[in-house]
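*Asks:* Can you keep this structure in mind? I'll have questions shortly.
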Amino acid sequence: DVYKRQVLLLLGLKIAMKSLQTLNDIVHTRCPNCRMEPMFTHKTLDLGNMLKMHRSCPKCQQEFMPEPGFYFGAMYFSYAINVALMVGFGIAFEVLFDPEKVVYTLVSVLLPPLLLAPWNFRISRAIMLYALGGVIKSD
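What follows is the structure, encoded as structure tokens:
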């Protein structure tokens, strides 16, 4: 009985560590197959080129464009991220500062998604590719 609990605990820890590593790779927009190379050709704050992606991973050849229009679905992930940002910042601002004017809360809700839009765009695409991209499994 104790042995079973230890095995389950270790299995749970292993799953949690793998999930954290996957989350880290999504946030850093690395290839979902080899987890080494970036999906995008330029840095996030290079605003003129931030949208440019490699067609495939330079290391393992994982396709980053599985089919035309594949990333249209990423807008749903982007929407979810924006809602989470707006709700989180709005509640935090209300609780921490108790503003007298509603305009302050509106600014606190609208400003973070605008400032984080480049990262949101990239992370949404990474989530889409990790979730539905038909990743080639490497040995």
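Heads up, the sequence shown is in my numbering, so the first residue is 46 and it goes up one at a time. Ideal placement from N, C-alpha and C gives every residue a C-beta, glycine not left out. The model shown is predicted, which means the values in this text are computed figures rather than measured ones.
Provide the residue(s) that pair with P83 in DSSP beta bridges, ordered along the chain.
*Replies:* R75
*Asks:* How about M95 and S101: do their beta carbons lie closer than 9 Å?
*Replies:* Not in contact: M95 and S101 (Cβ atoms no closer than 9 Å).
*Asks:* Identify whether E108 lies in helix, strand or coil by the three-state DSSP scheme.
*Replies:* strand
*Asks:* Report buried or exposed for C64, applying the criterion of at least 16 other Cβ atoms within 10 angstroms of its Cβ.
*Replies:* Note on residue identity: the sequence assigns Ser, not Cys, to residue 64. S64 should be labelled exposed.
*Asks:* Return yes when the Cβ of I172 is within less than 9 Å of the Cβ of A129, no when it is not.
*Replies:* no
*Asks:* Identify whether M62 lies in helix, strand or coil by the three-state DSSP scheme.
*Replies:* helix
*Asks:* Ends of the alpha helix (DSSP H) at T150?
*Replies:* V147 to L160
*Asks:* Where do the ends of the alpha helix (DSSP H) carrying V140 lie?
*Replies:* That run of the alpha helix (DSSP H) goes A119 to F142.
*Asks:* Where does M95 fall in DSSP's three states?
*Replies:* coil
*Asks:* Taking the C-alpha atoms as reference points, what is the distance between D184 and P77?
*Replies:* Residue confidence for D184 is low, a pLDDT of 47 falling below 50, so the modelled location carries little weight; the figure read from the coordinates is stated next. Each residue's alpha carbon lies about 14 Å from the other.
*Asks:* Using DSSP bridges, identify the partner residues of S101.
*Replies:* E108
*Asks:* Please return the same chain residues whose Cβ sits closer than 8 Å to the Cβ of P163, not counting the five positions on each side in sequence.
*Replies:* Counting only Cβ-Cβ distances below 8 Å, and skipping sequence neighbours, we find T89, L90, L92 and M95.
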